[in-house]
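Asker: Provided herewith is a single structure, encoded as structure tokens, for subsequent inquiry.
2 protein chains.
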Amino acid sequence: MNVKAYNDLIERYADIVRLGQIGSMLMWDLNTYMPPEAVDMRGDQQSLVSGIAHERLTSREMGKLLETLSKIELPLKKAAVVREIKRNHDRAASIPRHLIRELSRMEPVATGRWVKAKEKSDFSIFRDVLERFLELKKQVAEYVGYDDSPYDALIDEYEPYMKSEKLARTFGDLGGKLKPIVAKLTEVCSEYDEDKLIRKYPIEIQKVLFQSILLKMGYDMGRGRVDISAHPFTSGSLDDVRITLRYDESDLRPGLFSSIHEGGHALYEQGFLKENYMTPLAESVSLGIHESQSRLWENIVGRSRPFWEAFYPELQNAFPSMKNVSLDEFHRAINHISNTPVRVDADEVTYSMHILVRFEIEKDLVENKMEVTDIPQVWNELYRRYLGIEPKNDSLGCLQDIHWAMGAVGYFPTYTLGNLYSAQFFDAASKEIGDLEGSIGNGNLKPLLSWLRSNIHSYGKLYTADDLVKKVTGESLSEDHFINYLKKKYSNIYDIDL
Amino acid sequence: MNVKAYNDLIERYADIVRLGQIGSMLMWDLNTYMPPEAVDMRGDQQSLVSGIAHERLTSREMGKLLETLSKIELPLKKAAVVREIKRNHDRAASIPRHLIRELSRMEPVATGRWVKAKEKSDFSIFRDVLERFLELKKQVAEYVGYDDSPYDALIDEYEPYMKSEKLARTFGDLGGKLKPIVAKLTEVCSEYDEDKLIRKYPIEIQKVLFQSILLKMGYDMGRGRVDISAHPFTSGSLDDVRITLRYDESDLRPGLFSSIHEGGHALYEQGFLKENYMTPLAESVSLGIHESQSRLWENIVGRSRPFWEAFYPELQNAFPSMKNVSLDEFHRAINHISNTPVRVDADEVTYSMHILVRFEIEKDLVENKMEVTDIPQVWNELYRRYLGIEPKNDSLGCLQDIHWAMGAVGYFPTYTLGNLYSAQFFDAASKEIGDLEGSIGNGNLKPLLSWLRSNIHSYGKLYTADDLVKKVTGESLSEDHFINYLKKKYSNIYDIDL
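The listed protein sequences correspond, in order, to chains A and B. Position 255, counted from 1, in the first sequence is what this note's numbering calls 675; the numbers after and before it change by one each time, with no gaps. Position 31, counted from 1, in the second sequence is what this note's numbering calls 451; the numbers after and before it change by one each time, with no gaps.
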């Protein structure tokens, strides 16, 4: 093989990764400590950094190196490195500069309009910019290229190698199987008091409890830290992986579950091998796989009975007012199912229904099977069909999410992919780890983390999502594991047949 | 004039400024919130950013634009912009890449050795790397070029356009005039108890008090923030100017005076005109002028009697245990003069003596009039001569400062320049503002800030330091204002003749 070309590629790519890390640092600061009036300066800094990264990724030298190397037979890991850098390069190089500039000019305009439209609950304020934005995204799809649907080219940005046809099939099956479960559970749960946990939780004590849980999960504080932001997020990678949380003094749940959720993301980012740092082998496979890690920890572990058998006494000690809430009551309250019209308030059961609505709409929009002007009507229709409810207005309906206003079309499906992958991975882990539930019940989360490390994290982008799932679970993506997980769990909690 | 070339220059320079802002952000984070194990990643990010900035500053296109524009007659402001960008470009372009790389490789090695040498108080551990580092700095001087002394080329990095001959003359006069004042004051002060202020000051209350003082000074919290770091510093510029402090729970003074000091720096960085942002007209003139702002606020204002007439009641309210310390006692305690061997512990009177020692030594080293091996002996000799004391060992003597180990040769003089400029500026301000002392005594710091804004801050680099000082004070740099300031102030405090 061509050692010099490969090393040259690796060195150039490392600088591109560093520019990404810097961009992530600037974003973290923007959302945590930055003085409010620095916002314009920061925007210029961010676009400079991403511009330089784009320039370097699409440079002629980079193109030549990749062309040379992709013609050579390489060992597995190096071949994956070249494959993934080439994927990034080809995608970035295929979109002309003027279009990239227009897209980035569009973003603040569209989000500004979206904010206004949402405030006034008037979709018509947002409509024309969304039409224009979608037009640009369709142009992107044409430049990037696709086999079957232009929507494929957009999904590919967030979930590489995934096809809309496969998504449509899996999501269709999922919707069908989920519908009776949702119907039954929302009915049963309406009998339980979901406000059981509303009381006063001093934020300083929340912080200590959540950090203690994060440490038990295996989050490495020497390579991370926890701060506060308006919306929780995980940023950075490798030796600098930071979490932000949002605390609610009257409700423990938002902070608690976002800390476990972000902890799951962070464990993934901290789980790459040092020898692979600065290459695609130290990068997440896809947003769907990333989300599988956060949801596995948040829902499958963090909302499970064994987990709270281990940690509920610590929670009660931190908040003595919880001593009159039994473990059963607590466990039910953190697994309360309801058909809210708002995605971010949804539980793990109804959540995917929200995604199906968005998936169907954005797919049809990109495939020119639907008009932007029809979004509100179709949105409400789909909510009736999937959740049996209708949003009171567009603000709580089709205007609730910022994603489309940021040009993120093809992003929503990764949330539900996260749920499906997480259940499929957890089933495989359960088979391979002797008494996984037992160890969780003893507060020992190490066996699970070490399984995730060696079966998922440590590979980085060595395998594509589909190859990884097959390798780890013996089969391709399937909704069955998730459905079975829900049935088993909620039959137990509410003592019903699902 | 060539409008296109000028605009092109401005646009290119703006990106270089942005890269500097990003570097400053990375440095701020490194010293405040960065997880400890991210230190290697951060080093790579920082050197990438400074490498890109250097590349852009020294690019052929930049060189051509500057050549074109420097031949054209331009209006005052534009001429200054071109002059200062050209100065940066010429300096950066004159030093060959291999030398820059060697210098930056040298820095961690030299600081590592310095740390060890200081720990063991053994100069010989540091000697050979310092010799090598000085050799490299002399090479820099040769590449940059100079008229009289190679030391000029090194000073110029921190104090543009300053010459060592002028420094030697001014510092010589200063030393002669300062010597009897130091002798007298250290003797008189030995009768006063300098530990008067040692007690418990809860850090949370210190924070509130210091922020309140910073706000009264005019520090804009919408464009800044205050954090904690091991060594206080000010970072950033324009709409993002951050201060860090260090708090000592048993002594109010370190936090208090570093907050006023850093506040002075920050006011300068926040004081440029929006219309000049991203050009040299929104940059400080020199480190000496920068230091004049911090020292004016810290010493001339913050250690003055009128200032504490206004703010001492607030301090006493914050710390009720201070109610048995009179204003006189407090004012004396914050103006206690002593001949310590350690520069960072020095007061405003003896401080410059520490600088004279370093100035003489580094000048002689660069001009090949002295050997590195003789530093400890010369150091101790000069301390005897200037301060009448001898350091107990090299750790408290010639190994006390990190500067030379970081390649900062020619930096020390800017500290004393700060003292001299500050007194000279303050005299001019006193003449022009009606009853400046009176307004400070009423807690009204606005007249002073607005004078500094319109006479110094708002110009950025429009004038060189010497031109600015002449314009503002009617004369060139002189040690007399500082000497007279000391004589008047300390004669009053200690009721003696100076």
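No residue lacks a Cβ here, since even glycine has one placed at the ideal position from N, Cα and C.
Could you name the residues of chain A that Q465 of chain B contacts, counting a contact when the two beta carbons are closer than 7 angstroms?
Answerer: To locate residue 465 of chain B, count along the second sequence from 1; it is residue 45. Those within 7 angstroms of Q465 of chain B in chain A are R438, Q441 and I442.
Asker: Which runs of the alpha helix (DSSP H) fall wholly inside the region 838-873 of chain B and span at least 4 residues, in chain order?
Answerer: The qualifying runs are 856-861.
Asker: Buried or exposed for T793 of chain B, please, with buried defined as at least 16 other CB atoms from any protein chain shown within 10 angstroms of its CB.
Answerer: Your numbering for residue 793 of chain B matches position 373 in the second sequence. T793 of chain B comes out exposed.
Asker: Measuring CB atoms only, is the region 479-487 of chain A touching the region 501-521 of chain A, in the sense that at least three cross pairs come out at less than 8 angstroms?
Answerer: Contact holds: three or more Cβ-Cβ distances are below 8 angstroms.
Asker: Count the other CB atoms within 10 Å of the CB of N744 of chain B; is the residue buried (16 or more) or exposed (fewer)?
Answerer: Counting from one through the second sequence, the residue named residue 744 of chain B turns up at place 324. So N744 of chain B counts as exposed.
Asker: So that I know if they touch, is there some Cβ in chain B lying closer than 8 angstroms to that of L617 of chain A?
Answerer: Translated into positions along the first sequence, residue 617 of chain A becomes position 197. No, no contact with chain B.
Asker: If you measure between the beta carbons of L634 of chain A and G683 of chain A, is that distance less than 8 angstroms?
Answerer: Against the first sequence, residue 634 of chain A aligns to sequence position 214. Against the first sequence, residue 683 of chain A aligns to sequence position 263. Against a cut-off of 8 angstroms, the Cβ pair of G683 of chain A and L634 of chain A comes out as a contact.
Asker: State the DSSP-derived secondary structure class of L665 of chain B, mapped to helix, strand or coil.
Answerer: Translated into the one-based positions of the second sequence, residue 665 of chain B becomes position 245. L665 of chain B falls in the strand class under three-state DSSP.
Asker: Report the rounded CA-to-CA distance for N912 of chain A versus Y771 of chain A, giving the unit in angstroms.
Answerer: Residue numbering aside, residue 912 of chain A sits at position 492 when the first sequence is read from its first letter. Residue numbering aside, residue 771 of chain A sits at position 351 when the first sequence is read from its first letter. So the two alpha carbons sit approximately 20 angstroms from each other.
Asker: Counting along the chain, where does the alpha helix (DSSP H) carrying R507 of chain B start and finish?
Answerer: The residue you call residue 507 of chain B lines up with position 87 of the second sequence. Looking at the DSSP string, the run of the alpha helix (DSSP H) that includes R507 of chain B is L496 to S514.
Asker: From the beta carbon of I520 of chain A, is the nearest beta carbon of chain B less than 8 angstroms away?
Answerer: Numbered from 1 along the first sequence, position 100 holds the residue referred to as residue 520 of chain A. No, its Cβ sits nowhere closer than 8 angstroms to a Cβ of chain B.
Asker: Does the distance from the C-beta atom of E768 of chain A to that of N875 of chain A stay below 8 angstroms?
Answerer: Locating residue 768 of chain A in the first sequence gives position 348, counting from the first residue. Locating residue 875 of chain A in the first sequence gives position 455, counting from the first residue. Their beta carbons are not under 8 angstroms apart, which means E768 of chain A does not touch N875 of chain A by this criterion.
Asker: Ignoring anything shorter than 4 residues, give me the alpha helix (DSSP H) runs that lie fully in the region 610-675 of chain B, in order along the chain.
Answerer: Segments of the alpha helix (DSSP H) lying fully in the region 610-675 of chain B: 623-637.
Asker: Given that I472 of chain A touches chain B, what residues does it touch there, using C-beta distances under 7 angstroms?
Answerer: One-based indexing of the first sequence puts residue 472 of chain A at position 52. Within chain B, the residues near I472 of chain A are I472.
Asker: With 8 angstroms as the threshold, decide whether the Cβ of L693 of chain B is near any Cβ in chain D.
Answerer: No chain D appears in this structure, whose protein chains are A and B.
Asker: Name the chain B residues whose beta carbon is nearer than 7 angstroms to that of P622 of chain A?
Answerer: Here residue 622 of chain A refers to the residue found at position 202 when the first sequence is read from its first residue. Within chain B, no residue comes near P622 of chain A; the closest Cβ sits about 17 angstroms away, beyond 7 angstroms.
Asker: Quick check on this structure: which residue in B:E614, B:L735 and B:Y688 has the alpha carbon closest to the alpha carbon of D640 of chain B?
Answerer: Here residue 640 of chain B corresponds to residue number 220 of the second sequence, with the count starting at 1. If we check each option's Cα against that of D640 of chain B, B:Y688 comes out closest.
Asker: Contact defined as beta carbons within less than 8 angstroms: I believe M637 of chain B pairs with G827 of chain B. What is the distance between those atoms, to the nearest angstrom?
Answerer: In the second sequence, counting from the first residue as 1, residue 637 of chain B sits at position 217. In the second sequence, counting from the first residue as 1, residue 827 of chain B sits at position 407. That pair is no contact at about 33 angstroms.
Asker: Under 8 angstroms, Cβ to Cβ, is there at least one residue of chain A near A458 of chain B?
Answerer: Numbered from 1 along the second sequence, position 38 holds the residue referred to as residue 458 of chain B. At least one chain A Cβ lies under 8 angstroms of A458 of chain B.
Asker: By the DSSP assignment, the alpha helix (DSSP H) with Q466 of chain B in it spans what residues?
Answerer: Here residue 466 of chain B refers to the residue found at position 46 of the second sequence. It spans V459 to L477 - the alpha helix (DSSP H) in which Q466 of chain B sits, taken as one unbroken run.
Asker: Only counting runs of 4 or more residues, tell me where the alpha helix (DSSP H) segments fall wholly within the region 699-778 of chain B, in order along the chain.
Answerer: Within the region 699-778 of chain B, the complete alpha helix (DSSP H) runs of at least 4 residues are 707-715, 725-738 and 747-753.
Asker: Is it buried or exposed, I623 of chain B, if we count other Cβ atoms within 10 angstroms and call 16 or more buried?
Answerer: Against the second sequence, residue 623 of chain B aligns to sequence position 203. Looking at its Cβ environment, which holds fewer than 16 other Cβ atoms inside 10 Å, I623 of chain B is exposed.
Asker: With H, G and I counted as helix, E and B as strand and the rest as coil, what does DSSP make of G882 of chain A?
Answerer: Walking along the first sequence from the start, residue 882 of chain A turns up at place 462. Residue identity check: residue 882 of chain A is Leu in the sequence provided, not Gly. Coil at L882 of chain A, not helix or strand.
Asker: Quick one, are the C-beta atoms of E457 of chain B and G596 of chain A less than 8 angstroms apart?
Answerer: Position 37 of the second sequence, counting from 1, holds the residue named residue 457 of chain B. Position 176 of the first sequence, counting from 1, holds the residue named residue 596 of chain A. Result no, Cβ atoms of E457 of chain B and G596 of chain A do not sit closer than 8 angstroms.
Asker: What's the C-alpha gap between Y835 of chain B and F591 of chain B?
Answerer: As a position in the second sequence, residue 835 of chain B is number 415, starting the count at 1. As a position in the second sequence, residue 591 of chain B is number 171, starting the count at 1. Taking the straight line from one Cα to the other gives about 12 angstroms.
Asker: Tell me, to the nearest whole angstrom, how far the beta carbon of W728 of chain A is from that of F750 of chain A; I am working on the premise that it is less than 8 angstroms.
Answerer: For this step, residue 728 of chain A is matched to residue 308 along the first sequence. For this step, residue 750 of chain A is matched to residue 330 along the first sequence. At roughly 7 angstroms, the Cβ-Cβ gap stays under 8 angstroms, so W728 of chain A and F750 of chain A are in contact.
Asker: Using a Cβ distance threshold of 8 angstroms, determine whether the region 451-468 of chain B contacts the region 653-660 of chain A, with at least three qualifying pairs required.
Answerer: Yes: at least three Cβ pairs fall under 8 angstroms.
Asker: Report the rounded CA-to-CA distance for A425 of chain B versus T488 of chain B, giving the unit in angstroms.
Answerer: Indexing the second sequence from 1 puts residue 425 of chain B at position 5. Indexing the second sequence from 1 puts residue 488 of chain B at position 68. So the alpha carbons of these two residues sit roughly 8 angstroms apart.
Asker: Leaving out the 5 sequence neighbours to the left and right, which residues in its chain are closer than 8 angstroms to D568 of chain B when beta-carbon positions are compared?
Answerer: For the purposes of this step, residue 568 of chain B is taken as the residue at position 148 of the second sequence. Taken in chain order, the residues that qualify are K583, S584 and E585.
Asker: Kindly give me the distance between the Cβ atoms of S655 of chain A and M447 of chain A, rounded to whole angstroms, as I take these residues to be in contact under 8 angstroms.
Answerer: Sequence index remark: in the first sequence, residue 655 of chain A carries index 235 (1-based). Sequence index remark: in the first sequence, residue 447 of chain A carries index 27 (1-based). Between M447 of chain A and S655 of chain A the Cβ distance is about 6 angstroms, and since that is below 8 angstroms, they are a contact.
Asker: Can you pull the chain A neighbours of G644 of chain B, defined as C-beta to C-beta under 7 angstroms?
Answerer: On the second sequence, position 224 is the one that residue 644 of chain B refers to. Simply P455.
Asker: For F553 of chain B, which three-state DSSP category applies?
Answerer: Position 133 of the second sequence, counted from the first residue, corresponds to residue 553 of chain B. F553 of chain B: helix per DSSP, three-state reduction.
Asker: Can you tell me which of the three DSSP states D821 of chain B falls into?
Answerer: For the purposes of this step, residue 821 of chain B is taken as the residue at position 401 of the second sequence. If DSSP states are grouped into helix, strand and coil, D821 of chain B belongs with coil.
Asker: Does the beta carbon of V560 of chain B come closer than 8 angstroms to any beta carbon on chain A?
Answerer: Position 140 of the second sequence, counted from the start, is the residue given in the question as residue 560 of chain B. So no, V560 of chain B is outside the interface.
Asker: Looking only at C-alpha atoms, which of B:N422, B:T606, B:Y910 and B:E562 sits nearest to N759 of chain B?
Answerer: Counting from 1 along the second sequence, the entry for residue 759 of chain B is found at position 339. Checked all of B:N422, B:T606, B:Y910 and B:E562; the closest Cα to N759 of chain B is B:T606.
Asker: When we look at the beta-carbon of E504 of chain A and count the other beta-carbons within 10 Å, is it buried (16 or more) or exposed?
Answerer: Along the first sequence, read from residue 1 onward, the residue named residue 504 of chain A stands at position 84. Buried, because 16 or more other Cβ atoms sit within 10 Å of the Cβ of E504 of chain A.
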